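According to this note's numbering, the sequence shown is numbered sequentially starting from 12.
Below you'll find the structure, written out as structure tokens, and then a few comments.
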Amino acid sequence: MNKFLFLIGLISTTTGLVTLFAPNILDKMGKFLNQFYVTDAVILAKRMFFGLLSLGVGIMFLFLHFVMFN
């Protein structure tokens with residue numbers, strides 16, 4: 012359980028950071044998302060939302076791993 016929390020937290024945190032700070036890598040990895048893009052503002056809003064959501068979930072799981080179960 013403890014290793015699972017760490018792994019999910021690490022993957023989610025990394026995904027959030029890549030989404031927020033390296034959008035070109037994200038575009039190369041997931042071209043299928045482009046069909047939903049309407050304008051640049053929509054692209055930015057989606058990246059910010061999913062990046063912050065993923066980062067928050069990752070930090071929560073890492074918090075559970077290091078604080079609650081150690």
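Note that the Cβ used here is the ideal one computed from N, Cα and C, for glycine as well.
This structure is a prediction, so every number in the text was calculated from the model and none was measured.
- Apart from the 5 residues on each side of it in sequence, Phe17 sits with its Cβ closer than 6 Å to the Cβ of His76 in its chain, given in chain order.
- In the DSSP assignment, Leu28 falls within the alpha helix (DSSP H) that extends over Asn13 to Phe32.
- Residues Gly20 of the same chain have their beta carbon placed closer than 8 Å to that of Met71, with the five preceding and five following residues left out of the count.
- By the 16-neighbour rule on beta-carbons within 10 angstroms, Thr30 is buried.
- The closest CA to that of Leu64, considering only Phe15, Leu28 and Asn13, is found on Leu28.
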